[in-house]
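I have placed the structure first, in the form of structure tokens, so that the comments after it can refer back to it.
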Amino acid sequence: MSRIVMKFGGTSVADLDRIRNVARRVKREVDAGNEVAVVVSAMSGVTNQLVGYVDSLSKLHDPREYDAVVATGENVTSGLLAIALQELGVKARSWQGWQIPLRTDDAFGKARIEGVDGNLLIERMQAGEVSVVAGFQGIGPDNRIATLGRGGSDTSAVALAAAVKADRCDIYTDVDGVYTTDPRIVPRARKLPRIAYEEMLELASVGAKVLQTRSVELAMKERVRVQVLSSFAEADGGDLPGSLVVDEDEIVEKEIVAGIAYSRDEAKVTIRRVPDRPGIAASIFGPLSDAGVNVDMIVQNTSADGTTDMTFTLSRTDLPRAQVVMEENKEKLGYTEILTDSNVAKISVVGVGMRSHAGVAATMFKTLAAKGINIEVISTSEIKVSVLIGAEYTELAVRALHTAYGLDAA
Ligand code: ADP
Ligand code: ASP
Ligand code: MG
1404 MSRIVMKFGG
1414 TSVADLDRIR
1424 NVARRVKREV
1434 DAGNEVAVVV
1444 SAMSGVTNQL
1454 VGYVDSLSKL
1464 HDPREYDAVV
1474 ATGENVTSGL
1484 LAIALQELGV
1494 KARSWQGWQI
1504 PLRTDDAFGK
1514 ARIEGVDGNL
1524 LIERMQAGEV
1534 SVVAGFQGIG
1544 PDNRIATLGR
1554 GGSDTSAVAL
1564 AAAVKADRCD
1574 IYTDVDGVYT
1584 TDPRIVPRAR
1594 KLPRIAYEEM
1604 LELASVGAKV
1614 LQTRSVELAM
1624 KERVRVQVLS
1634 SFAEADGGDL
1644 PGSLVVDEDE
1654 IVEKEIVAGI
1664 AYSRDEAKVT
1674 IRRVPDRPGI
1684 AASIFGPLSD
1694 AGVNVDMIVQ
1704 NTSADGTTDM
1714 TFTLSRTDLP
1724 RAQVVMEENK
1734 EKLGYTEILT
1744 DSNVAKISVV
1754 GVGMRSHAGV
1764 AATMFKTLAA
1774 KGINIEVIST
1784 SEIKVSVLIG
1794 AEYTELAVRA
1804 LHTAYGLDAA
């Protein structure tokens, strides 16, 4: 007997037939004698629609009200799945984040989990009842509903798995595992039976949305065994084996590059001709950080005339907020103009092998040059190289790099 947390993403619960399919899978685990809790996302497209409503009313909306709206998608699916399970004769009850409670900080819209009470969930599991928990949501310090950032149901699932000390956290989605890159844009991508926590963390953080970054961070910290698998494919009446996220030393054959990720949720800002003096970076990035804007890549040019251009990238959704902050500080910063570009994408190659092998970045630059793709910004870490390019080259760049690093399936 195992204790399992099963998480189903948006496409897996996209309509009533799929919710019935999910209910059958959950029943199978219950019938096998396992203790089961389930986490669900909103039906596919619903969260986007809700975000769209909020954005249409106000680009600079109150994040608490954004959360009040966008958290509702998951409420619907948790209730529906509980009903579908009851129809199959499985004891089930739906729960929203605040009822668990899953407590978060007050960073509304991208809140971090501060604690999860697993006791009641364990009691219910032991009594043979399946708890169906609405993912993506929790309750903030002032009793307001808070959401965990896009893709946050993965993090709800891992946090619950840690809280109930589950043997496994199975993330069911619309692909049958983690691939060397997004299989939707590179059909020759290869499935990775195992991927190291660190590589998965880095891939997720640069755009491989198969797992939310924080879910991997939390799994690594709490030693949760995460498996990514398909909610559609089946093998002999059981699940098709997926990908396991494991410690680096559990992987026998390590590739230099494990995978390639892309992100279209990028924007570039250039602040022209700011005075080049000590403290200028602090006075640009301090107010952005105070406004909850996360800056990613940064380049500062040197210049002979005492001024410099500062270029940085951020999430496209944060651009309107960043522009307001920069305008408010225009006099203090003393720049001449601000240029913005949302038509950019970030491409990253990731692999723990980079620690000991040189030449990964050089191969990336050569491959992109051969395709005539201009690199606008570069950043590196110990196990990653990222470049910013024109958004129209995203697929071309990912495919070319996938081939260049020898990742294409035979
Ligand atoms: P869910 O709704 O189940 O949470 P997501 O859409 O958030 O699903 O994540 C699954 C998607 O992640 C896949 O459909 C795939 O297009 C994308 N993806 C991006 N990179 C990868 C990768 N390296 N391996 C597998 N899937 C990936
Ligand atoms: N429904 C939320 C989203 O679309 C959370 C999730 O699916 O994980 O971002
Ligand atoms: Mg997801």
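One point on numbering: in this note's numbering, the residue at position 122 of the sequence shown is 1525, and numbering is uninterrupted.
Note that beta-carbon positions come from the ideal geometry of N, C-alpha and C, so glycine has one too.
Quick caveat, the model's predicted, so the values are computed rather than measured.
Query: Who are the Cβ neighbours of Thr1583 in its own chain at under 6 Å, not counting the five residues just before and after it?; Result: Ala1592, Arg1593, Gly1662, Leu1810
Query: Quick check on Thr1616: does DSSP put it in helix, strand or coil?; Result: helix
Query: With a 10 Å radius around its C-beta and 16 neighbouring C-beta atoms as the bar for buried, classify Lys1769 as buried or exposed.; Result: exposed
Query: Does the Cβ-Cβ distance between Val1763 and Ile1598 come in under 8 Å?; Result: no
Query: Is the region 1611-1623 touching the region 1552-1564 in the sense that three or more CB pairs, one from each, lie closer than 8 Å?; Result: yes
Query: Under the assumption that Val1472 contacts Met1446 (Cβ atoms under 8 Å), give the Cβ distance between them as a whole number of angstroms.; Result: Actually they do not touch by this definition, with Cβ atoms about 15 Å apart.
Query: Taking the DSSP output, what are the residues bridged to Trp1498?; Result: Val1536
Query: Mind checking whether the beta-carbon of Ser1556 lies closer than 7 Å to any heavy atom of ligand 2?; Result: yes
Query: Do the region 1411-1421 and the region 1438-1456 meet, that is, are 3 or more Cβ pairs less than 8 Å apart?; Result: yes
Query: Going straight from the alpha carbon of Gly1775 to that of Arg1667, what length do you get?; Result: 19 Å
Query: What does the Cβ neighbour count give for Arg1421, buried or exposed, with the cut at 16 atoms within 10 Å?; Result: buried
Query: Closest to Gly1554 by CA distance: which of Val1613, Phe1511, Thr1507 is it?; Result: Val1613
Query: Should the region 1643-1656 be called in touch with the region 1600-1608, which here means at least 3 C-beta pairs below 8 Å?; Result: yes
Query: Report buried or exposed for Val1457, applying the criterion of at least 16 other Cβ atoms within 10 angstroms of its Cβ.; Result: buried
Query: Flag Lys1513 as yes when its Cβ comes closer than 7 Å to any non-hydrogen atom of ligand 4, and as no otherwise.; Result: No copy of ligand 4 occurs in the structure displayed; its ligands are ligand 1, ligand 2 and ligand 3 alone.
Query: Is Ser1618 near ligand 1, judged by its Cβ being under 7 Å from some heavy atom?; Result: no
Query: Please go through the same chain and pick out, in chain order, the residues whose beta-carbon is closer than 7 Å to the beta-carbon of Asp1699, but skip the five residues on each side of it.; Result: Thr1716, Leu1717
Query: Look at Ala1495 and Leu1505 and say whether their C-beta atoms are less than 8 Å apart.; Result: no
Query: Using 8 Å for Cβ pairs, my map puts Asp1693 next to Arg1628. What's the rounded Cβ distance?; Result: Actually they do not touch by this definition, with Cβ atoms about 38 Å apart.
Query: For Met1528, which residues from the same chain have a beta carbon less than 8 Å from its beta carbon, with the 5 sequence-adjacent residues on both sides left out?; Result: Arg1406, Glu1438, Val1439, Ala1440, Ser1534, Val1567
Query: Below 8 Å on the Cβ atoms is my guess for Asp1721 versus Val1696; work out the distance and round it to an integer in Å.; Result: 5 Å
Query: Going by DSSP, name the residue or residues bridged to Ser1666.; Result: Lys1749
Query: Between Arg1724 and the rest of its own chain, which residues show a CB-CB distance below 7 Å, the 5 nearest in sequence each way excluded?; Result: Leu1463, Ala1694, Val1696
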